[in-house]
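Which chain is which? The protein sequence lines are A and B, in order. Every letter in the first sequence is one number past the one before it in my numbering, and letter 99, counting from 1, is 99. Positions in the second sequence are counted from 1; adding 1000 to them yields my numbering. Don't be surprised by glycine CBs; every beta carbon is placed ideally from N, CA and C. A short worksheet on the structure shown next.
2 protein chains.
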Amino acid sequence: MIKLAIVGATGAVGREVLGLLALRRFPLEPGSLRVFASSRSAGMKIGFRGTDYVVEDLATANFAGIDVVIFDTPDEVAAQYVPVARDAGCIVIDNSAAFRQDDDVPLVVPEINAHALSSHKGIIANPNCTTAIGVMALWYLHLAFGLESVTGATYQAVSGAGAPGIAQLERETHEYVRGRQTHDGTTPAFPYPILGNVIPQIGSFGPDGYTSEELKFEREGRKIMGLPKFMASMTCVRVAVVRSHCLALTASFRQSVSVEKAREALRSAPGISLRDDPRAGVYPMPITVSSSFDCEVGRIRMVHGRENELQFFVAGDQLWKGAALNAVQIAELLPK
Amino acid sequence: MIKLAIVGATGAVGREVLGLLALRRFPLEPGSLRVFASSRSAGMKIGFRGTDYVVEDLATANFAGIDVVIFDTPDEVAAQYVPVARDAGCIVIDNSAAFRQDDDVPLVVPEINAHALSSHKGIIANPNCTTAIGVMALWYLHLAFGLESVTGATYQAVSGAGAPGIAQLERETHEYVRGRQTHDGTTPAFPYPILGNVIPQIGSFGPDGYTSEELKFEREGRKIMGLPKFMASMTCVRVAVVRSHCLALTASFRQSVSVEKAREALRSAPGISLRDDPRAGVYPMPITVSSSFDCEVGRIRMVHGRENELQFFVAGDQLWKGAALNAVQIAELLPK
Chain A
1 MIKLAIVGAT GAVGREVLGL LALRRFPLEP GSLRVFASSR SAGMKIGFRG
51 TDYVVEDLAT ANFAGIDVVI FDTPDEVAAQ YVPVARDAGC IVIDNSAAFR
101 QDDDVPLVVP EINAHALSSH KGIIANPNCT TAIGVMALWY LHLAFGLESV
151 TGATYQAVSG AGAPGIAQLE RETHEYVRGR QTHDGTTPAF PYPILGNVIP
201 QIGSFGPDGY TSEELKFERE GRKIMGLPKF MASMTCVRVA VVRSHCLALT
251 ASFRQSVSVE KAREALRSAP GISLRDDPRA GVYPMPITVS SSFDCEVGRI
301 RMVHGRENEL QFFVAGDQLW KGAALNAVQI AELLPK
Chain B
1001 MIKLAIVGAT GAVGREVLGL LALRRFPLEP GSLRVFASSR SAGMKIGFRG
1051 TDYVVEDLAT ANFAGIDVVI FDTPDEVAAQ YVPVARDAGC IVIDNSAAFR
1101 QDDDVPLVVP EINAHALSSH KGIIANPNCT TAIGVMALWY LHLAFGLESV
1151 TGATYQAVSG AGAPGIAQLE RETHEYVRGR QTHDGTTPAF PYPILGNVIP
1201 QIGSFGPDGY TSEELKFERE GRKIMGLPKF MASMTCVRVA VVRSHCLALT
1251 ASFRQSVSVE KAREALRSAP GISLRDDPRA GVYPMPITVS SSFDCEVGRI
1301 RMVHGRENEL QFFVAGDQLW KGAALNAVQI AELLPK
């Protein structure tokens, strides 16, 4: 049995972690659950399996006696408090980007590199949401054909920006229906209105014109898959979807590929739901993948004129496989 | 002065043609305008510059005496009635796919191949909306670097499916805000709900897994740009946007490329608005390109590890440059 704590328990991902602990019958030591958040939320009560838990202030947290702490906070909060929890003897599963590239921090998607967990020194990193979903599809194709590079574009849900992202879309939708102006200049979560729009910016821009979100796909993909030369050139785009991310990918392999072999590689792969019968209307979509443990892959096609390139569409619940589920899966693999 | 008729005048594109004739001060012979639609809409009145025009039934149309007819109808309606108008001595500008691949029918984007207009035999084809917007960006990059192929994904607005597409999104949005179930099984324009969703299907699936919409990009792109070996492998996706399509493209060229040279090629290109200052929040989006004559191009980047590949984002008003505007531009180039 595990004594568990959640930091950022009142956020969009934190609430999903709680739901998944119940849904997956996580081996939680009875009565041991602790929930932390910023001082703004401290004192709130969060219900879990019929008991109310009082949210504790992270700033004065005492982590002693807790086995595993799942962190879902902004990078700068994680940078400050994750070491505090580790130094108190906890194993930390951190969903921020603060430690993902540290050499002594495993970056783990359990279906791909669970073996890396054995080398942790108290901190285990959970990947970026889009990366986690994308590499799920790419990994099994890599095993079949030898992955070299990927280009593509994403369709990312507003809940990827947490509760403020959901709130902005909700407010704009209600204002639209009531006939009041949506574009009033206040867009708390995104740089522009998201209703009736798509925004080709997630994160901040680097010198080469890629955003931080786009560069994570390559850096984190290399570390998770153990492919130091893997190249990814992505365009990450926010769309007016509440939940679940999609990716339209073009992947290049060392070996020649075929649609049938690709389907075979994915058909019974753990964590994958092959949804590739397009004439029957079966393909990945946010409305089918939301609240699903598996990532959906479909629309698999040969790139015209290339023997070693495939194009396909991936959907995944970014609050689950892209965040909360992957963290809970890691916790499930830790020694009881 | 030109005697002009519009077939499909009550549809989403037909109404935009009327608006553009006024906005661009089209040299219309006074009192000559004729408007046609299916028998369902016959008898309706359409206002244009202060005069009401009665919609005539296409089934009993007499096109004699009209100089130019702009058709915006389903393919099968065009296949039946476009030849009737041509045989009556009219020049037909047809927005359907019925004649686009015919050898004696020019397929024209005026900025790219206006020269092809001289060889028409009474029918001129207007391209697919996504193709028209995509080739606008690709053409100027082709002139600079020599285009070979493109891969990519689209973000296509519901008005690309005409008035029923707009109606489905509108109905789903109102039902969502009122708290009634959106997913009631009736999705008149699309195979699934579009609110809170993205649908990776536009058109019907062919044997190789690509949709008819996706294949048009290659076939029509080849004809418009005069590049018989041009390859395009696209994933066309419907999103919950009312107006304007976006494309995230990865293009491969014969010559080595640079971001600065690409910007130079696009900066003063006719029909292009270069919006590529991402740190200042300047990039293509539906909300900025809607009701704009120009297509927006931005987010221009080198593909990692490739000297001859660029990635960029394009937005265009598909009711205008993707349909009505391109047709009116063609009409403006015809002998008066």
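Can you tell me which of the options puts its alpha carbon nearest to the alpha carbon of residue i?
i: residue 1276 of chain B; options: B:1252, B:1304, B:1314; result: B:1314
i: residue 317 of chain A; options: A:336, A:110, A:309, A:295; result: A:295
i: residue 1335 of chain B; options: B:1090, B:1056, B:1143; result: B:1090
i: residue 1190 of chain B; options: B:1171, B:1178, B:1177; result: B:1171
i: residue 251 of chain A; options: A:230, A:29, A:26, A:245; result: A:230
i: residue 1270 of chain B; options: B:1292, B:1255, B:1257; result: B:1292
i: residue 207 of chain A; options: B:1006, B:1139, B:1109, B:1299; result: B:1299
i: residue 225 of chain A; options: A:175, A:116, A:98; result: A:116
i: residue 1006 of chain B; options: B:1038, B:1023, B:1202, B:1305; result: B:1038
i: residue 1177 of chain B; options: B:1064, B:1141, B:1196; result: B:1196
i: residue 1143 of chain B; options: B:1093, B:1257, B:1122, B:1057; result: B:1257
i: residue 1219 of chain B; options: B:1076, B:1099, B:1094, B:1061; result: B:1099
i: residue 101 of chain A; options: A:322, A:309, A:222; result: A:222
i: residue 1268 of chain B; options: B:1140, B:1259, B:1149; result: B:1140
i: residue 1199 of chain B; options: B:1161, B:1180, B:1228; result: B:1161
i: residue 67 of chain A; options: A:279, A:34, A:282; result: A:34
i: residue 1247 of chain B; options: B:1281, B:1279, B:1154; result: B:1154
i: residue 1168 of chain B; options: B:1227, B:1008, B:1308, B:1238; result: B:1238
Taking the Cβ atom as the reference point for each residue, do residue i and residue j lie within a distance shorter than 8 Å?
i: residue 240 of chain A; j: residue 287 of chain A; result: no
i: residue 130 of chain A; j: residue 217 of chain A; result: yes
i: residue 346 of chain A; j: residue 289 of chain A; result: This structure leaves residue 346 of chain A out entirely; chain A is present only between 1 and 336.
i: residue 55 of chain A; j: residue 32 of chain A; result: no
i: residue 236 of chain A; j: residue 311 of chain A; result: no
i: residue 1112 of chain B; j: residue 1135 of chain B; result: yes
i: residue 110 of chain A; j: residue 120 of chain A; result: no
i: residue 263 of chain A; j: residue 249 of chain A; result: no
i: residue 108 of chain A; j: residue 85 of chain A; result: no
i: residue 1146 of chain B; j: residue 1253 of chain B; result: yes
i: residue 331 of chain A; j: residue 4 of chain A; result: yes
i: residue 122 of chain A; j: residue 92 of chain A; result: yes
i: residue 137 of chain A; j: residue 303 of chain A; result: no
i: residue 278 of chain A; j: residue 1201 of chain B; result: yes
Hey, does residue i have any beta-carbon neighbour from chain D nearer than 8 Å?
i: residue 311 of chain A; result: Annotation note: the requested chain D is absent from the structure, which comprises protein chains A and B.
Which partner residues of residue i appear in the DSSP bridge assignment?
i: residue 155 of chain A; result: A:246
i: residue 125 of chain A; result: A:94, A:107
i: residue 311 of chain A; result: A:250, A:301
i: residue 277 of chain A; result: A:282
i: residue 28 of chain A; result: A:2
i: residue 52 of chain A; result: A:47
i: residue 316 of chain A; result: A:245
i: residue 1256 of chain B; result: Answer is none; residue 1256 of chain B lacks a bridge partner.
i: residue 194 of chain A; result: DSSP, once it has assigned bridges, lists no residue as partnering residue 194 of chain A.
i: residue 1238 of chain B; result: B:1156, B:1199
i: residue 1205 of chain B; result: B:1211
i: residue 149 of chain A; result: A:231, A:252
Identify the continuous alpha helix (DSSP H) that holds residue i and give its terminal residues.
i: residue 130 of chain A; result: 129 to 145
i: residue 1087 of chain B; result: 1075 to 1087
i: residue 1328 of chain B; result: 1325 to 1333
i: residue 232 of chain A; result: Segment 231 to 235 is the beta strand (DSSP E) holding residue 232 of chain A; no alpha helix (DSSP H) there.
i: residue 176 of chain A; result: 163 to 178
i: residue 1012 of chain B; result: 1012 to 1023
i: residue 1217 of chain B; result: 1212 to 1225
Considering only residues of the same chain and omitting the five flanking positions on each side of residue i, which have a CB-CB separation below 6 Å?
i: residue 1001 of chain B; result: 1027, 1029
i: residue 1018 of chain B; result: 1048
i: residue 104 of chain A; result: 121
How far does the beta strand (DSSP E) with residue i in it extend, from its first residue to its last?
i: residue 953 of chain B; result: It is not possible to answer for residue 953 of chain B, since the shown part of chain B is limited to 1001 through 1336.
i: residue 1006 of chain B; result: 1004 to 1007
i: residue 1069 of chain B; result: 1068 to 1071
i: residue 1036 of chain B; result: 1034 to 1037
What residues in its chain sit with their C-beta under 8 Å from that of residue i, if we drop five residues either side in the sequence?
i: residue 163 of chain A; result: 11, 12
i: residue 1159 of chain B; result: 1012, 1165, 1166, 1242, 1243, 1318, 1319
i: residue 204 of chain A; result: 211, 212
i: residue 1261 of chain B; result: 1144, 1145
Beta-carbon within less than 7 Å of residue i's beta-carbon, same chain only, minus the 5 sequence neighbours each way: which residues are those?
i: residue 1088 of chain B; result: 1063, 1064
i: residue 59 of chain A; result: 39
i: residue 95 of chain A; result: 13, 71, 72, 126, 323, 327
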